[in-house]
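Okay, structure first, notes after.
Number of protein chains: 2
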Amino acid sequence: MHITVDEADGRPIYRQIADELKALIARGELAEGAQLPPVRQLAGDLGVNLNTVAIAYRELQAEGLLNVRHGAGATVAARDAGRERPSEEELRKPVRAALTGLVLAGLQRTEIMALVGDELRALLKGAK
Amino acid sequence: MHITVDEADGRPIYRQIADELKALIARGELAEGAQLPPVRQLAGDLGVNLNTVAIAYRELQAEGLLNVRHGAGATVAARDAGRERPSEEELRKPVRAALTGLVLAGLQRTEIMALVGDELRALLKGAK
DNA sequence: TCTAGTGTATAAAGACAATGTACAATTTTG
DNA sequence: CAAAATTGTACATTGTCTTTATACACTAGA
Chain Y
308 MHITVDEADG
318 RPIYRQIADE
328 LKALIARGEL
338 AEGAQLPPVR
348 QLAGDLGVNL
358 NTVAIAYREL
368 QAEGLLNVRH
378 GAGATVAARD
388 AGRERPSEEE
398 LRKPVRAALT
408 GLVLAGLQRT
418 EIMALVGDEL
428 RALLKGAK
Chain D
308 MHITVDEADG
318 RPIYRQIADE
328 LKALIARGEL
338 AEGAQLPPVR
348 QLAGDLGVNL
358 NTVAIAYREL
368 QAEGLLNVRH
378 GAGATVAARD
388 AGRERPSEEE
398 LRKPVRAALT
408 GLVLAGLQRT
418 EIMALVGDEL
428 RALLKGAK
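Those protein sequence lines, which keep their order, are chains Y and D. The first sequence maps to residues 308 to 435 in my numbering. The second sequence maps to residues 308 to 435 in my numbering.
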């Protein structure tokens with residue numbers, strides 16, 4: 308489980324952790340039912356407080372991606388566990404933001420589509 | 308100039324404004340040299356403090372997208388104005404995040420590429 | 001020059017993020 | 001079954017970030 312936090316990232320630490328866990332789940336490296344490390348262990352590895360990790364776990368639980376049980380650990384939830392799907396617009400907004408950055412960086416249409424295809428391939432490499 | 312701020316967005320208001328302005332610039336609706344509304348006007352339209360807008364303007368100036376002059380207004384900078392290009396990783400990170408969301412929402416590869424192509428087309432519609 | 005219009009600086013209030021410590025639930029061990 | 005170890009949770013505290021109100025400074029035009 309390779310997770311890192313970047314001081315200069317801008318996003319709060321708990322969100323960085325949550326996002327990285329999401330990515331691991333999306334690509335299947337954390338399969339359905341898999342046990343996550345205890346908050347203390349992950350917190351120790353990252354050099355942050357255990358509560359910071361706990362907040363990340365709870366955020367993913369709220370999205371239906373994790374099952375967190377007091378006393379026992381946290382596990383990856385079933386893929387169709389009753390998590391409400393984000394709205395169409397909710398999904399498109401980050402796409403638009405990312406593409407805006409690429410356009411402003413001067414990339415051409417074909418370069419952009421290639422880059423996206425590239426990332427998507429990497430993401431789906433080991434996925435469900 | 309249609310800009311809106313969303314209370315429930317999570318991101319700070321000044322960043323929402325900055326991101327929307329970026330999108331307008333990327334798609335050419337705010338062309339090179341175009342004058343931006345005064346901070347007080349935009350702030351009034353959005354119902355926020357003028358400083359909040361000013362912070363957004365300054366952020367874009369720091370990225371080399373705007374020329375802000377004390378006393379005169381803010382204008383869109385030349386497209387190749389000495390703005391340092393974000394690193395490759397800096398560009399890919401948002402792409403990865405957006406794609407992660409799409410994958411977790413259950414979209415298939417072809418659906419994702421179609422959605423991205425769709426957004427990119429909209430973005431490049433009137434661009435430079 | 002004066003005035004209206006523009007961005008800027010500063011301080012204060014409130015919200016948020018990260019932490020330290022103590023608590024509660026579960027699992028393991030004997 | 002009881003005790004200990006392991007795990008997540010609650011809460012108060014500290015510091016940082018956001019947003020605001022108010023006053024200031026620069027520019028352009030009459």
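Glycine residues also receive a C-beta, built at the ideal position from the N, C-alpha and C atoms.
Contact between the segment 390-404 of chain D and the segment 371-380 of chain Y is not established, with fewer than three Cβ pairs separated by less than 8 Å. Judged by pairs of C-beta atoms under 8 Å, the segment 407-427 of chain Y touches the segment 397-408 of chain D, as three or more such pairs exist. Looking at the DSSP output, N358(Y) bridges to nothing.
Residue contact check for I419(D) against chain Y: a CB pair falls below 8 Å.
A338(D) and V383(D) have their alpha carbons spaced roughly 7 Å apart.
Here V346(Y) is near L357(Y), since their CB atoms are less than 8 Å apart. For T407(D), there is no enclosing beta strand (DSSP E); the residue is found in the alpha helix (DSSP H) stretching over E395 to L411. By the Cβ test, the segment 314-324 of chain Y is in contact with the segment 351-365 of chain Y, since at least three Cβ pairs between them sit closer than 8 Å. In this structure, the CA atom of R416(D) is about 11 Å from the CA atom of V423(D). With the criterion set as a beta carbon lying under 9 Å from some beta carbon of chain D, the members of the segment 325-351 of chain Y are D326, K329, A330, I332, A333 and R334, in sequence order. Ranked by Cα distance from A325(D), the options G340(D), A315(D) and L349(D) are led by L349(D). For E426(D), the C-beta contacts it makes with chain Y under 8 Å involve R399, V402, R403 and L406, in order along the chain. Taking a Cβ-Cβ cut-off of 8 Å, the neighbours of P393(D) in chain Y comprise G408 and A412, given in sequence order.
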